[in-house]
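K.L.:
Here the protein sequences come in this chain order: A and B. First residue of the first sequence: 17, per the numbering used here; consecutive thereafter. First residue of the second sequence: 17, per the numbering used here; consecutive thereafter. In this text, a Cβ means the ideal position worked out from N, Cα and C, and glycines have one as well. As the structure is a computational prediction, the values presented were derived from the model and not from experiment.
Protein chains: 2
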Amino acid sequence: MDNFLKTVGSINDETRLRILRFINENGEVCVCDIESSFDMIQSRISRHLKILKDGGFLRVDRRGVWAYYSIRFPLDAFRQSILKEISFLDVDIPTLKKGCSKGCSI
Amino acid sequence: MDNFLKTVGSINDETRLRILRFINENGEVCVCDIESSFDMIQSRISRHLKILKDGGFLRVDRRGVWAYYSIRFPLDAFRQSILKEISFLDVDIPTLKKGCSKGCSI
DNA sequence: TAAATATATCAATATATCTTGATGTATTAT
DNA sequence: ATAATACATCAAGATATATTGATATATTTA
Numbered sequence: 017m018d019n020f021l022k023t024v025g026s027i028n029d030e031t032r033l034r035i036l037r038f039i040n041e042n043g044e045v046c047v048c049d050i051e052s053s054f055d056m057i058q059s060r061i062s063r064h065l066k067i068l069k070d071g072g073f074l075r076v077d078r079r080g081v082w083a084y085y086s087i088r089f090p091l092d093a094f095r096q097s098i099l100k101e102i103s104f105l106d107v108d109i110p111t112l113k114k115g116c117s118k119g120c121s122i
Numbered sequence: 017m018d019n020f021l022k023t024v025g026s027i028n029d030e031t032r033l034r035i036l037r038f039i040n041e042n043g044e045v046c047v048c049d050i051e052s053s054f055d056m057i058q059s060r061i062s063r064h065l066k067i068l069k070d071g072g073f074l075r076v077d078r079r080g081v082w083a084y085y086s087i088r089f090p091l092d093a094f095r096q097s098i099l100k101e102i103s104f105l106d107v108d109i110p111t112l113k114k115g116c117s118k119g120c121s122i
């Protein structure tokens, strides 16, 4: 029950839906790229990423200073159906913009 | 997007999850029966039923003084998958208790 | 070692949601 | 008509969640 509510709660926010879809569409991305793509302050992005991770949708991979977020794999059928539903939403998703001064994707 | 958030928001509450599953397990029930089965005040039940209805999970049928709530049919695949997931949750669902003075189920 | 960068977390405030008790509206019974 | 019942809605307070700015931690660069 608590786990279910955590999952549902994690997608009950427009900002998180957009971030989740952004990652689903772009694959693995680092926090600074999300930050500059969405033009939101870092603490806000970081907090939402944590909630999506705790909701079971994302995984993190730290490499050096950078944290790379991607869709967790394997993803159970329920979360897959949610992700699919989100992919249909009519909502503005920014294009990926590189944000780190020393390229995190080099 | 707004519609999706309304759907997700409607199941982002323990009380509503329990009510939704109660109706899913018992079929068509009237408000007074939910009220006495859950031992919650009427305004609280009424509010949650409205949210679940607006979330697309329930339908209402008014007959006389009574309002009978049941799972909306047909239910799209996404809401069906949610309902299925809810049916697996480890949570206490009360047994149906008749609540109306003049039986609503006669 | 010191400075800069990337990320996480905390504390304060703002905003949204839930619960309760009171009130409103229909419908039925007397 | 009046009273009682079932349900919906509103207003106030309580609780939860989101946003911001500040601070903390870790890694890399100079």
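Taking the Cβ atom as the reference point for each residue, do B/F38 and B/F54 lie within a distance shorter than 9 Å?
P.N.:
Result yes, Cβ atoms of B/F38 and B/F54 sit closer than 9 Å.
K.L.:
Along chain B, which residues have their Cβ under 8 Å away from the Cβ of A/N28?
P.N.:
Ordered by position in chain B, the residues that pass the 8 Å Cβ test against A/N28 are L21, V24, G25, N28.
K.L.:
Taking CB distances under 9 Å as the criterion, tell me whether B/S97 reaches chain A.
P.N.:
Chain A contact via Cβ: present.
K.L.:
With distance defined between alpha-carbon atoms, name the residue in B/I57, B/N19, B/C120 nearest to B/I77.
P.N.:
Correcting the residue identity first, residue 77 of chain B is Asp in this sequence and not Ile. The shortest C-alpha separation from B/D77 is found at B/C120.
K.L.:
Between A/M70 and A/S26, which are expected to be in contact by the criterion C-beta below 8 Å, what is the C-beta distance as a whole number of angstroms?
P.N.:
The residue you asked about is not Met; residue 70 of chain A is Asp in the sequence shown. A/D70 to A/S26, Cβ: 7 Å. Contact.
K.L.:
Can you check whether the C-beta of A/L68 is within less than 9 Å of a C-beta belonging to chain B?
P.N.:
No, because no Cβ of chain B sits closer than 9 Å to the Cβ of A/L68.
K.L.:
In the DSSP output, what is B/A83 paired with across the bridge?
P.N.:
DSSP output for B/A83 lists B/R78 as bridge partner(s).
K.L.:
How about A/M14 and A/T31: are their beta carbons less than 9 Å apart?
P.N.:
No answer is possible for residue 14 of chain A: it lies beyond the span of chain A, which begins at 17 and ends at 122.
K.L.:
For A/V45, name the three-state secondary structure that DSSP assigns.
P.N.:
In this structure, A/V45 counts as strand in the three-state DSSP scheme.
K.L.:
Is it buried or exposed, A/D49, if we count other Cβ atoms within 10 angstroms and call 16 or more buried?
P.N.:
Classification for A/D49: buried.
K.L.:
Below 9 Å between beta carbons: does that hold for B/R60 and B/V107?
P.N.:
No; because the gap between Cβ atoms is not below 9 Å, this pair is not in contact.
K.L.:
Would you kindly work out how many angstroms separate the C-alpha atoms of A/L65 and B/V47, rounded to a whole number?
P.N.:
About 40 Å.
K.L.:
Excluding the 5 residues preceding and the 5 following B/N40 in the sequence, name in chain order all residues of the same chain whose CB lies nearer than 8 Å to its CB.
P.N.:
Closer than 8 Å at Cβ, skipping near neighbours: I87, L99, I102, S103.
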